[in-house]
Amino acid sequence: MSVKGINLSHTYALHSIFAFDALKDINFEINDGEFIGIIGHTGSGKSTFIQHLNRLLSPTAGHVLLDGVDINGDGIMMKDVVKKVGVVFQYPEYQLFEDTIYKDIAFGAKNMGYEDIEGIVKESMELVGLDFEYYKDKAPFNLSGGQKRRVAIAGVLAMKPSVLILDEPASGLDPIGREEIFENIKTLHKKKNLTTILVSHSMNDISNIADRIMVFNEGKLEMFDETKNVFNNIKMLGNIGLDIPESKKLLLLLKERGFDVDTDLYKEDDVINEVVRVLKKG
Amino acid sequence: MENMISIQNVSFKYRTGEGMEDVLALDNVSFDVKKGDFVGIIGHNGSGKSTIAKLLNAIYFPLSGDVLISGMNTKDEENIWKIRQKAGMIFQNPDNQMVATIVEEDVAFGPENLGVPHADLRGRVDEALNMVGMYEYKDKKPHELSGGQKQRIAIAGILAMEPECIILDEPTAMLDPKGRVEVLNTIKRLNKEKNTTVVLITHYMDEIVDCDNIFIMNNGKLEYDGKPKDVFKQVEFLRKLRLEPPFATRVSYEMNKSGINIKDDVLTIDELAEEICQLKV
Ligand SMILES: Nc1ncnc2c1ncn2[C@@H]1O[C@H](COP(=O)(O)OP(=O)(O)OP(=O)(O)O)[C@@H](O)[C@H]1O
Ligand SMILES: Nc1ncnc2c1ncn2[C@@H]1O[C@H](COP(=O)(O)OP(=O)(O)OP(=O)(O)O)[C@@H](O)[C@H]1O
Ligand SMILES: [Mg+2]
Ligand SMILES: [Mg+2]
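Right, dumping it as structure tokens:
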């Protein structure tokens, strides 16, 4: 499913002295099946932006189109949008409210009217690495921070969205948990041609997974380009409180010291291979 | 040197309700943190890190064993207030600790309760807000802040209390790269200049590469403790515990695996680049 924005703006507390422009005239087009990364300093408008994609917020000017249809247009129901666009919010642990993990994950899927809820819940729990039998009857609020996060992600996956949006899904996960969740998201993305949007402050995570990156700065879409090109804008990123991945920094350090490495690379595995290749060549 | 924190044979269980099994969250854990040290606590999700933090702050009490803060046992009720004054705590989730309706009141809440005189309050609050780069937001309402902004305010609230010891439970989880560096530098500066004892719970290994000691939790037990250089080079051991060493250490590990001999305890990419240069000659 494609996602498009035309002159999208959002002002909080519009028509008051507290009015605050959180999004300023954003134009973008995300193609069906793309993997998009979103980066931006704290308060740059990322969370505000993604809330527009499932209509939790409505633009104060401009439009959001899903497969060419304006989601705020006449006759479009909130429910139609929610069915297509699944969002895992920042701090999703607050979205947990049922008394068992099973019920919590099943909640959205039930509302969608799906059959075989148990099968769906099982599959979703597997995708986030939660053992079905062990966890299904436990209470969500008795979990550790990282465990809660997995439950919240499973609940959104169970709704089988066509566009999956994740706002810092891995924050709070242990390092292997991070890897696993990204592996799973990547697999899901490929298997179902799921349009996926990932918001993260981790340049490492974004660089390992995104095809293209949106860079937000003070409510504006500063840049929207292929991952490689974005991370070649080192100065710009630094100026707006962002950074480049460690992996690429290593290549730059080696280049400075006279090694003939390809500094366009940024994925961790590629970088490790490149370092080994250059050193073996001698 | 004097111990800021001493955890002695501590076990802790969560009661989860009727008919449900209790969760043994800490299983006979013992360790000490010396005054002025900067230590890291790492471990898989659910390994017991936050539970330790809450025991240190006298929010929970050990089922068996003792927790001492500057020699004061958290079990003695008359100590609780003094303990919270000495050991400031930044929780895993900043929303849980926003108490006031205006940002600067929120930051003032802690020091005010400590009895900081009004004349000094203003200065402390402003300084703390500046340290986390949030001074301009002092009149905002907490619910109008972004995730990372809330986190910075929570940190400012503790800094304003000027505690002898700060316990931070994943404080940088929602911060942008610049914010992470700033917050970490602030903590490191307090540690160096004011000799503040720091306990940093984190899933980001690069935040603790230069700390004094690392404690690794695994299923409620203290699995290992040691200096960063000794801990992180044990790549396979860490992975069994669901942990990953910093990127630079991983690179050197892979280099060694493919037959390039290089030091296995490099922790930063600068160090790694230097080592690689040594190889060239
Ligand atoms: N309900 C609100 N009312 C007024 N201002 C708000 C509200 N929510 C957010 N803002 C402001 O809008 C701006 C953008 O916030 P947003 O949450 O979209 O940022 P973000 O990029 O997601 O940041 P972070 O990385 O910290 O999560 C911030 O300056 C914030 O203070
Ligand atoms: N309120 C609670 N009631 C019951 N069990 C709990 C409660 N809080 C935590 N637990 C359990 O205690 C164990 C330790 O939890 P703790 O929160 O200390 O882990 P943690 O190491 O901080 O994990 P994370 O990295 O996910 O934050 C876990 O198995 C968790 O499920
Ligand atoms: Mg946000
Ligand atoms: Mg925790």
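Chains as they are written, first to last, in our numbering: chain A, 1 to 282; chain B, 1001 to 1281. C-beta atoms are modelled at their ideal positions from N, C-alpha and C, and glycine is treated no differently.
Taking the beta carbon of residue i as the centre, do at least 16 other beta carbons fall within 10 Å, making it buried, or is it exposed?
{"i": "residue 150 of chain A", "result": "buried"}
{"i": "residue 14 of chain A", "result": "exposed"}
{"i": "residue 1117 of chain B", "result": "exposed"}
{"i": "residue 64 of chain A", "result": "buried"}
{"i": "residue 249 of chain A", "result": "buried"}
{"i": "residue 1236 of chain B", "result": "exposed"}
{"i": "residue 216 of chain A", "result": "buried"}
{"i": "residue 18 of chain A", "result": "exposed"}
{"i": "residue 1151 of chain B", "result": "buried"}
{"i": "residue 1009 of chain B", "result": "exposed"}
{"i": "residue 69 of chain A", "result": "exposed"}
{"i": "residue 207 of chain A", "result": "buried"}
Anyone know if the C-beta pair for residue i and residue j falls short of 7 Å?
{"i": "residue 1160 of chain B", "j": "residue 1103 of chain B", "result": "no"}
{"i": "residue 196 of chain A", "j": "residue 242 of chain A", "result": "no"}
{"i": "residue 99 of chain A", "j": "residue 139 of chain A", "result": "yes"}
{"i": "residue 37 of chain A", "j": "residue 198 of chain A", "result": "yes"}
{"i": "residue 7 of chain A", "j": "residue 21 of chain A", "result": "no"}
{"i": "residue 96 of chain A", "j": "residue 184 of chain A", "result": "no"}
{"i": "residue 219 of chain A", "j": "residue 53 of chain A", "result": "no"}
{"i": "residue 1146 of chain B", "j": "residue 1064 of chain B", "result": "no"}
{"i": "residue 155 of chain A", "j": "residue 173 of chain A", "result": "no"}
{"i": "residue 283 of chain A", "j": "residue 169 of chain A", "result": "This structure cannot settle anything about residue 283 of chain A, because the visible part of chain A is limited to 1 through 282."}
{"i": "residue 1003 of chain B", "j": "residue 1034 of chain B", "result": "yes"}
{"i": "residue 1217 of chain B", "j": "residue 1043 of chain B", "result": "yes"}
Using a Cβ-Cβ distance under 7 Å, would residue i count as near chain B?
{"i": "residue 95 of chain A", "result": "no"}
{"i": "residue 279 of chain A", "result": "yes"}
{"i": "residue 177 of chain A", "result": "yes"}
{"i": "residue 42 of chain A", "result": "yes"}
{"i": "residue 75 of chain A", "result": "no"}
{"i": "residue 90 of chain A", "result": "yes"}
{"i": "residue 128 of chain A", "result": "no"}
{"i": "residue 133 of chain A", "result": "no"}
{"i": "residue 38 of chain A", "result": "no"}
{"i": "residue 276 of chain A", "result": "yes"}
{"i": "residue 198 of chain A", "result": "no"}
{"i": "residue 10 of chain A", "result": "no"}
{"i": "residue 253 of chain A", "result": "yes"}
{"i": "residue 212 of chain A", "result": "no"}
{"i": "residue 52 of chain A", "result": "no"}
Can you pull the chain B residues whose beta carbon is under 8 Å from the beta carbon of residue i, in chain order?
{"i": "residue 183 of chain A", "result": "The contacting residues do not exist; residue 183 of chain A stays about 14 Å from chain B at best."}
{"i": "residue 15 of chain A", "result": "Residues of chain B passing the Cβ test: none, with the nearest at roughly 16 Å."}
{"i": "residue 236 of chain A", "result": "Correct list: empty, because the minimum Cβ distance to chain B is about 13 Å."}
{"i": "residue 247 of chain A", "result": "1247"}
{"i": "residue 71 of chain A", "result": "The premise fails here: residue 71 of chain A is roughly 23 Å from chain B at the closest Cβ pair, so nothing lies under 8 Å."}
Taking 7 Å as the CB-CB cut-off, is residue i touching chain A?
{"i": "residue 1171 of chain B", "result": "no"}
{"i": "residue 1011 of chain B", "result": "no"}
{"i": "residue 1254 of chain B", "result": "yes"}
{"i": "residue 1129 of chain B", "result": "no"}
{"i": "residue 1243 of chain B", "result": "yes"}
{"i": "residue 1203 of chain B", "result": "yes"}
{"i": "residue 1147 of chain B", "result": "yes"}
Going by DSSP, which residues form a beta bridge with residue i?
{"i": "residue 1257 of chain B", "result": "Answer by DSSP bridge pairing: none, since residue 1257 of chain B is not bridged."}
{"i": "residue 1165 of chain B", "result": "B:1087 and B:1197"}
{"i": "residue 61 of chain A", "result": "A:9"}
{"i": "residue 223 of chain A", "result": "A:215"}
{"i": "residue 1014 of chain B", "result": "B:1023"}
{"i": "residue 1224 of chain B", "result": "B:1216"}
{"i": "residue 164 of chain A", "result": "A:86 and A:196"}
{"i": "residue 21 of chain A", "result": "A:11"}
{"i": "residue 29 of chain A", "result": "A:4"}
{"i": "residue 1008 of chain B", "result": "B:1066"}
{"i": "residue 66 of chain A", "result": "A:3 and A:69"}
{"i": "residue 35 of chain A", "result": "A:196"}
{"i": "residue 1266 of chain B", "result": "Beta-bridge pairing links residue 1266 of chain B to no other residue."}
{"i": "residue 1040 of chain B", "result": "B:1200 and B:1214"}
Determine the chain A residues that contact residue i at a beta-carbon separation under 8 Å, and present them in chain order.
{"i": "residue 1092 of chain B", "result": "145 and 172"}
In chain B, which residues lie with their C-beta within 9 Å of the C-beta of residue i?
{"i": "residue 112 of chain A", "result": "Neighbours of residue 112 of chain A on chain B: none; closest Cβ ~28 Å, over 9 Å."}
{"i": "residue 241 of chain A", "result": "1176, 1177, 1178 and 1179"}
Strictly below 9 Å CB to CB, what residues from chain A border residue i?
{"i": "residue 1016 of chain B", "result": "138, 139 and 142"}
Establish whether the CB of residue i and some CB of chain C are separated by less than 7 Å.
{"i": "residue 1150 of chain B", "result": "Within the model displayed, chain C is absent; protein chains A and B are what it includes."}
List the residues of chain B that residue i touches, going by C-beta distances under 7 Å, in chain order.
{"i": "residue 168 of chain A", "result": "1174"}
{"i": "residue 218 of chain A", "result": "Result: empty, since nearest Cβ-Cβ is about 12 Å, beyond 7 Å."}
Name the chain A residues whose beta carbon is nearer than 7 Å to that of residue i?
{"i": "residue 1044 of chain B", "result": "174"}
{"i": "residue 1106 of chain B", "result": "Going along chain A, no residue has its Cβ under 7 Å from residue 1106 of chain B, so there is no contact; the nearest lies around 17 Å."}
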